[in-house]
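Taking it in order: structure first as structure tokens, then the write-up.
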Amino acid sequence: MKIHEYQGKELFRRYGVPVPFGIAAMSVEEAKAAVPKVQKESGSNVVVVKAQIHAGGRGKGGGVKVCKNTADAEKAIDSIFGMQLVTHQTGPAGKKVQRLLVEQGLDIQHEYYLGITLDRASGRVTVMASTEGGMEIEEVAAKSPEKIIKEQITPAVGWQDFQARNLGFALGLDGKQVRALSTFLRSLTRCYTEMDCSLLEINPLVTTGDGRVLALDSKINFDDNATYRHPELSDWRDLSEEDPAEVEAKKFSLSYINLDGTIGCMVNGAGLAMSTMDIIKHYGGEPANFLDVGGGATAEKVTAAFKIITRDPNVKAIFVNIFGGIMKCDTIADGVITAVKEVGLEVPLVVRLEGTNVEMGKKLLAESGLKIAAAADMADGAKKVVELAK
Amino acid sequence: MSVLVGKDTKLLVQGMTGSAGAFHTRQARDYGTNVVAGVTPGKAGAKVEDLEDIPVFDTCAEAVAQTGANATVIYVPPPFAADAIMEAAATGIPLIITITEGIPVNDMVTAKALLASDYPDTVLVGPNCPGVITPDECKIGIMPGYIHNKGNVGVVSRSGTLTYEIVHQLGAVGLGQSTAIGIGGDPVKGLDFIDCIKLFNDDPETESIFMIGEIGGDSEERAASYIKENVKKPVAAFIAGKTAPPGKRMGHAGAIISGGKGTAAAKIAALEAAGIAVAPSPAEMGTTLKNLL
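Residue numbers (our numbering), protein chains in the order written: chain A, 1 to 390; chain B, 1001 to 1293.
Here is the structure:
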């Protein structure tokens, strides 16, 4: 799960991680009303207007403006709110800006990158920092990996101040700034662990003329496996940032991802579901989605999955690819038949069944009277469905 | 010979009184696995339907002390599963197989660190995996036993249903398995490809190896260099997720391309550079290995 920058900064405030003063606004009026409040709090006329969408690269796309005075700020608010913001992460259609953050301007001395995430090879959480603030960390990693410095957190022991000093002095901070960074990182690593984050990025982290260290940005992803421990996060979920079909699928514990192709897929198991997309492409087709119905699919789940696939107007044919293990093929066949009868079927359907009770499953499909093309194996099914989708 | 599990395995089941735990315990016992005990805290002495002869204990410590179990399988729900792993490790049991899907990553970071520091000889398989099977000897996990045949291919995979698929395809070309290991789809896990390939490389009964990887992380790349340096047995592979979009979690928590890292293309390139035959499509896994033999 992802949250907006302003929500991430709210979380930082709760943990005592320094952030600039700012006010989030859900409308142009709210944003304009926030300007004088921010100016009063900071004692300066300079404010920053920032578009709030779940994508990086907002500055380059024109979604962030530094404004010298109230008139400039109001102009920026009018132009950014409601705009279709296009960044390298949004795709060409961009995303409509419906929330703004109005923030104080700072006397920035230097910008850095700071990130916390899991290092899979060691199974430990790693804090990364770089002097190349504002740049994508992937780009820094590719061009000048020596500019990224890392410290790993030893579980049970936790983050230690010496690690903050290692990072701080390597970044070229002075003694006072390193002390500020130590406090900053003590709070930030606690936030990462306690809140079950999977990614916490501050790009840029800034030092100011008066020796402070602040998070000028925030990007936080949470571990979906652990959201049950943080029910309060559900208030921060912004459904307008998510694909409606993916939201619907989650209600039925289906793992669904919308893609651009024309062949709808329904598969059991994540690996087989990915492979089904791959084999469709292998034979010249394009998958319309990833869909894993899981190991314990019921007729209800299969029906829900069918509804989600058939609602996609791009779908020209459907491929059901099931390897029944513990889940029996006749159960799946039953589910497919029930679903087709309930939902209706306007596009060709190819079904490949293998595994437990496969003969019973095939018999049920054959006797159902439905127009279903049976596939002998995965390759046969993929070839058939690609042909039918043309 | 085989690896990890076999005729001498005496299995403990953590979470045997739950519906999934009970179902898969019956399946394992019917396959021939020697199930010696169950553990569910607060349910000592409980009788599980059709498993009445298998005693249920409150703690792993008691169960291991009384039955001599030398392997455990975990069907405990995600919020309690990492704790169950650490409880098992504390008994000194040598093998812990964790089926549970959806364990918080931070919990696994803690459990893995404890095992590494205090129980370095304990072998953890999973979580979020189908388990381990040595055909005709011992089945631990949720895989359908009957599709497997005894043979000489060592199978290691990050995906459950794709493991069934390769086993089925191997059957079609007349090959069986020495042992099939599901290492699971989570980012923090026990055995990785390299560990399993070492086991298979040292196992006289394993004559060839098939590995199934997927997008996310760099385990496949690291395994490729290990194989190039150390393995003489024929190795074939398949990588799932060539068409997966970046930044999206493809079902498995660990199956995600982030920051351009962990793509199928990079993994396939690394495997091929190490001289490993990579199946061009998931329908050609069995034939790809057969062609090497």
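Here a beta-carbon is modelled for each residue, glycine too, at the ideal position from N, C-alpha and C.
Keep in mind it's a predicted model, so treat the numbers as computed, not measured.
Within the same chain, no Cβ atom closer than 6 Å to the Cβ of HIS282(A) is found once the five residues on either side in sequence are excluded. Beta-bridge analysis with DSSP links SER1258(B) to LYS1261(B). DSSP places ARG1222(B) within a helical segment (H, G or I) once states are collapsed to three.
Taking SER1225(B) as reference, the option from ASP1186(B), GLY1251(B) and ILE1268(B) with the minimal CA-CA separation is ILE1268(B). The region 186 to 199 of chain A and the region 1043 to 1052 of chain B do not touch, with fewer than 3 CB-CB distances between them shorter than 8 Å. A straight-line Cα-Cα distance of about 13 Å links ALA1028(B) and ILE1074(B). Taking 7 Å as the cut-off between beta carbons, none of the residues of the region 1015 to 1043 of chain B comes near chain A.
Between VAL213(A) and ALA164(A), the C-beta spacing is not below 8 Å.
Only ASN268, GLY269, ALA270, GLY271, LEU272, ALA273, MET274, SER275, MET277, ASP278, ILE279, LYS281, HIS282, PRO287, PHE290 and ASP292 from the region 268 to 292 of chain A bring a Cβ to less than 7 Å from some Cβ of chain B.
With at least 16 other beta carbons inside 10 angstroms of its own, PRO20(A) counts as buried.
Around the Cβ of GLU1284(B), a 10 Å sphere holds 16 or more other Cβ atoms; the residue is buried. Buried is the label assigned to ASN289(A), since at least 16 other Cβ atoms lie within 10 Å of its Cβ.
HIS1024(B) is classed as buried because its beta carbon has at least 16 other beta carbons within 10 Å across all chains shown.
With respect to the 8 Å criterion, LYS1010(B) and ALA1090(B) are not classified as neighbours on the basis of their beta carbons. The beta carbon of SER253(A) sits closer than 8 Å to those of GLY294 and LYS301, all from its chain and outside the five residues before and after it, given in chain order. The three-state secondary structure of SER198(A), taken from DSSP, is strand. When C-beta atoms of the region 355 to 373 of chain A are compared with those of the region 237 to 253 of chain A, fewer than three pairs fall below 8 Å, so the two segments do not count as touching. Taken in chain order, the complete alpha helix (DSSP H) segments of 4 residues or longer contained in the region 1079 to 1157 of chain B are 1105 to 1118.
Neighbours of TYR1164(B) in chain A, taken as residues at a C-beta separation under 7 Å, are given in chain order as PHE323, GLY325 and GLY355.
The C-alpha of ALA1223(B) lies about 21 Å from the C-alpha of GLU1205(B). Residues of chain A with a Cβ closer than 7 Å to the Cβ of MET1143(B) are, in chain order, GLY325. MET1086(B) has a beta carbon lying at 8 Å or more from every beta carbon in chain A. By the criterion of a C-beta distance shorter than 6 Å, GLY1216(B) is surrounded in its chain by GLY1254, ALA1255, ILE1256 and GLY1262, once the five residues flanking it on both sides are discounted. Partner residues in a beta bridge of TYR1075(B), as assigned by DSSP, do not exist. Under the Cβ criterion of 8 Å, GLU138(A) is counted among the residues facing chain B. Nearest CB-CB separation between PRO1120(B) and chain A: not below the 8 Å threshold.
By the Cβ test, the region 1080 to 1089 of chain B is in contact with the region 1102 to 1116 of chain B, since at least three Cβ pairs between them sit closer than 8 Å.
Excluding the 5 residues flanking it on each side, GLY1006(B) has same chain C-beta neighbours closer than 6 Å at THR1134, GLU1137 and CYS1138, in chain order. Under the three-state reduction of DSSP, LYS363(A) is assigned to helix.
Pairwise C-beta distances place the region 1173 to 1190 of chain B out of contact with the region 1228 to 1245 of chain B, as fewer than three of them are shorter than 8 Å. Nearest CB-CB separation between ALA156(A) and chain B: below the 8 Å threshold.
Sequence-ordered contacts of the region 1280 to 1291 of chain B with chain A read PRO1280, SER1281, PRO1282, ALA1283 and GLU1284 [C-beta pairs closer than 9 Å]. A straight line joining the alpha-carbon of LEU118(A) with that of VAL125(A) spans about 4 Å. Collapsing the DSSP output to three states places ILE1181(B) in a strand. Within the same chain, VAL49, LYS65 and CYS67 come within 6 Å of ALA76(A) by CB-CB distance, once the 5 residues on both sides are set aside.
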